[in-house]
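Taking it in order: structure first as structure tokens, then the write-up.
In UniProt numbering, the protein residues as written are 1 to 504.
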């Protein structure tokens with residue numbers, strides 16, 4: 001790395017933020033916004049530490065001895081700039097005390113900015129950097145070149161451009177303007193193509209190495225990880241279709257969807273990477289392939305036992321909430337009946353999660369013993385490649401446009417930034433600037449001090465995590481909660497409190 005100092009700042013700063021979050025969140029110091037719960041001092045700290053990471057990464061890239069930037073590096077450059085943009089703009093808030101602030105956005109606008117951030121924070125923190133890991137470690141583990149470099153180019157640019165538009169699919173049937181919802185649906189469906197292009201590229205990289213999958217636990221983890229990515233990125237566009245979303249939203253179906261991605265894609269790819277990397281760092285062999293295989297099967301069983309009950313719970317919730325008596329009244333008028341019905345699924349989920357965690361103890365033991373049995377210490381290897389010689393800044397004869405761009409990290413980063421900014425600008429700016437998007441309701445008045453205190457308590461106690469202040473225009477919801485919500489009702493809501501889950 002270019003700077004050991006920045007690396008240490010990055011590491012210890014991140015640990016301090018985690019400790020601060022572990023202390024303040026249980027005490028009720030929270031903004032209530034999903035994936036952005038921490039209060040304003042931590043938002044500033046996250047931005048500074050993230051910039052330290054990005055500066056160190058780009059500085060290292062500029063000092064490289066390999067002219068060509070491999071596809072994995074593109075994904076990390078896009079991750080850095082996109083997470084920075086998302087975090088900074090979603091965290092614009094007015095501090096009123098040392099650990100309390102209010103979002104500068106209100107109501108519908110706050111909801112749109114939050115889910116522009118929320119959807120894409122997942123995309124660019126848990127998807128794009130892991131795609132970079134996939135493009136690096138899968139060819140290494142399989143001892144095969146990436147299946148199609150041309151496909152990786154299409155995968156990268158189409159993914160980062162399309163992903164950023166998809167945020168409004170979290171707000172279907174809400175008070176968000178219809179045009180924004182439809183844009184979110186259209187781009188979410190389009191997102192299937194680059195996502196599956198990446199999955200296919202990953203799986204086909206294993207061509208000629210499938211016989212190794214039976215015996216190599218590293219490849220087992222990676223195959224299930226890539227498959228989990230494919231499943232999650234197929235289900236995501238399907239969940240963005242309005243007829244499906246009407247059933248799935250606010251239910252445990254969404255929990256199942258998210259955890260297929262988190263446990264299989266992120267978890268298993270990380271495990272495979274650790275099993276491949278640690279023995280090579282310490283110049284030894286993995287202590288026990290048997291333990292690694294046991295970890296794989298425990299983890300796989302854990303994922304299945306976690307996700308399947310949540311799918312069942314989600315369908316159960318949706319059907320019970322929407323069921324009517326012959327006389328037109330709600331069949332399950334008492335919401336608690338739904339909660340009682342799905343409790344067995346929650347117990348099964350707990351068992352599945354426990355199996356997954358238990359497998360991680362196998363990993364920890366295996367890695368600790370592997371390191372202990374090694375006689376080599378990890379040390380920085382001296383650079384062996386010669387320093388890069390200057391070449392023309394312009395394209396040389398016979399050099400393709402993208403080949404030229406792959407030796408220009410700053411230009412590549414700038415183009416990636418432009419690609420990710422377009423969607424946010426097109427969706428957010430009109431919603432804020434054009435008054436007709438939020439029709440005025442004359443009866444809606446600013447909150448009284450007592451009402452504001454009530455909202456603060458609602459946020460502090462985490463109520464929005466289990467309840468929603470958004471009533472969608474469905475007969476079942478109007479019957480249960482009253483008149484459906486309209487955009488003008490939320491003009492004084494800093495932050496919005498629509499939630500994304502109904503648990504109680």
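We put the CB at the ideal spot given by N, CA and C, even for glycine.
- A direct Cα-Cα distance of roughly 25 Å separates residue 182 from residue 467.
- In the DSSP annotation of this structure, the continuous segment of the beta strand (DSSP E) that includes residue 96 starts and ends at 93 to 97.
- With at least 16 other beta carbons inside 10 angstroms of its own, residue 120 counts as buried.
- Apart from the 5 residues on each side of it in sequence, residue 34 sits with its Cβ closer than 8 Å to the Cβ of 114, 118, 500 in its chain, given in chain order.
- A contact between stretches requires three or more CB pairs, one per stretch, nearer than 8 Å, and the region 337 to 354 fails this requirement with the region 279 to 291.
- Boundaries of the alpha helix (DSSP H) around residue 411: 409 to 433.
- When the five nearest sequence neighbours on each side are left out, the beta carbons in the same chain lying within less than 6 Å of the beta carbon of residue 206 are those of 142, in order along the chain.
- Put simply, the backbone Cα of residue 485 is about 10 Å away from that of residue 176.
- Bounds of any beta strand (DSSP E) do not take in residue 354; it lies within the alpha helix (DSSP H) bounded by 336 to 373.
- Within the model, the alpha-carbon separation for residue 56 versus residue 109 is close to 34 Å.
- As summarised for the region 228 to 265, the continuous alpha helix (DSSP H) elements at least 4 residues long and confined to that stretch are 242 to 248, 252 to 259, given in chain order.
- Residue 101: not part of any alpha helix (DSSP H); member of the beta strand (DSSP E) spanning 100 to 103, first to last residue.
- Contact check for residue 134 against residue 202 passes: the beta carbons are separated by less than 9 Å.
- Bounds of any alpha helix (DSSP H) do not take in residue 144, whose DSSP letter is neither H nor E.
- When C-alpha distances from residue 356 are compared across 264, 287, 478, the shortest belongs to 264.
- Cα atoms of residue 95 and residue 495: separation of roughly 13 Å, rounded to the nearest angstrom.
- Collapsing the DSSP output to three states places residue 269 in a helix.
- Of the candidates 127, 296, 136, 81, 127 places its Cα closest to the Cα of residue 258.
- Residue 42 and residue 16 have their C-alpha atoms spaced approximately 10 Å apart.
- Counting of Cβ neighbours within 10 angstroms places residue 146 among the buried residues, the total reaching 16 or more.
- Residue 294 and residue 260 have their alpha carbons spaced roughly 20 Å apart.
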